[in-house]
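Visitor: Numbering (this note's numbering), first residue to last: 40 to 258. Structure in structure tokens, see below.
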């Protein structure tokens, strides 16, 4: 690969939470397809891929979200693209989604049953996410943040700005988006949102903790 470490670091320094976008600048379809592909190719726990990406370009829908989305109120007007990342509420080891993921790996029936048993132990005992619906959903949501980070970093590498968003009323956003019928609302719910575009003004980078305060070596 031709990309250098310095180019990656430059992209990380370039990336800042962008609150105000230039409404006149739009991301090309080719570039946005690339950003979505980064999300699709992201890793997830036990290969669960418990996500869907809802791209909200409809102006009326964006306006409907504004009263309950204080964290992206201006961005709903100005961002080139708005993505709501949904997490699977039913990402259990014995779900059809898990089975389909295993089948895509080319497993035969015996191997599939062995994998299901392994993931049952993982979810029930090791990571303990089957206590209730919320613990399972939170586990799935954690996976979506991997895709979120990859999409934002990949965008920064080609000079596109972004901002992760949790500042909204989740119940109301779920209700509004479910009415679109664009996805199975019984199965998926909102995990996080992210906006993309080009910054309208310079952004002062936030100060970061020094490396020696956050890294602890155990040898």
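Note that the Cβ used here is the ideal one computed from N, Cα and C, for glycine as well. Predicted model only: the values in this text are computed from it and were never measured.
1) I need the boundaries of the alpha helix (DSSP H) containing residue 124, first residue and last residue.
2) Under three-state DSSP, which class holds residue 84?
3) Pick out whichever of 51, 89, 56 and 45 has its Cα sitting closest to the Cα of residue 241.
4) Are residue 111 and residue 185 close, meaning C-beta to C-beta below 8 Å?
5) Could you tell me if residue 128 is buried or exposed, where buried requires 16 or more neighbouring beta carbons within 10 angstroms of its beta carbon?
6) How far does the beta strand (DSSP E) with residue 90 in it extend, from its first residue to its last?
7) Run through the region 132-169 for me and flag every whole alpha helix (DSSP H) of 4 or more residues, listed as ranges in chain order.
8) To which residues of the same chain is residue 232 closer than 6 Å at the C-beta, ignoring the five residues directly before and after it?
9) Taking DSSP's pairing of strands, which residues face residue 238 in a bridge?
10) With 16 other CB atoms within 10 Å as the buried threshold, where does residue 178 fall?
11) Starting from the Cα of residue 131, find the closest Cα among 211, 116 and 89 and give me that residue.
12) Taking the C-alpha atoms as reference points, what is the distance between residue 189 and residue 221?
Guide: Checking against the coordinates, here is how it stands:
1) Going by DSSP, residue 124 is part of no alpha helix (DSSP H) but of the beta strand (DSSP E) stretching over 120-127.
2) Helix.
3) Between residue 241 and the set 51, 89, 56 and 45, the nearest pair of CA atoms involves 56.
4) Their beta carbons are not under 8 Å apart, which means residue 111 does not touch residue 185 by this criterion.
5) In this structure residue 128 is buried. Its beta-carbon is surrounded by 16 or more other beta-carbon atoms within 10 angstroms.
6) DSSP places residue 90 in the uninterrupted beta strand (DSSP E) bounded by 90-94.
7) For the region 132-169, the continuous alpha helix (DSSP H) assignments of 4+ residues that do not extend past its boundaries occur at 135-143 and 148-160, in sequence order.
8) Apart from the 5 residues on each side of it in sequence, residue 232 sits with its Cβ closer than 6 Å to the Cβ of 123 and 204 in its chain, given in chain order.
9) Beta-bridge partners assigned by DSSP to residue 238: 60.
10) A residue is called buried once 16 or more other Cβ atoms fall within 10 Å of its Cβ, and residue 178 is buried on that count.
11) The shortest Cα separation from residue 131 among 211, 116 and 89 belongs to 89.
12) Distance between the alpha carbons of residue 189 and residue 221 is about 24 Å.
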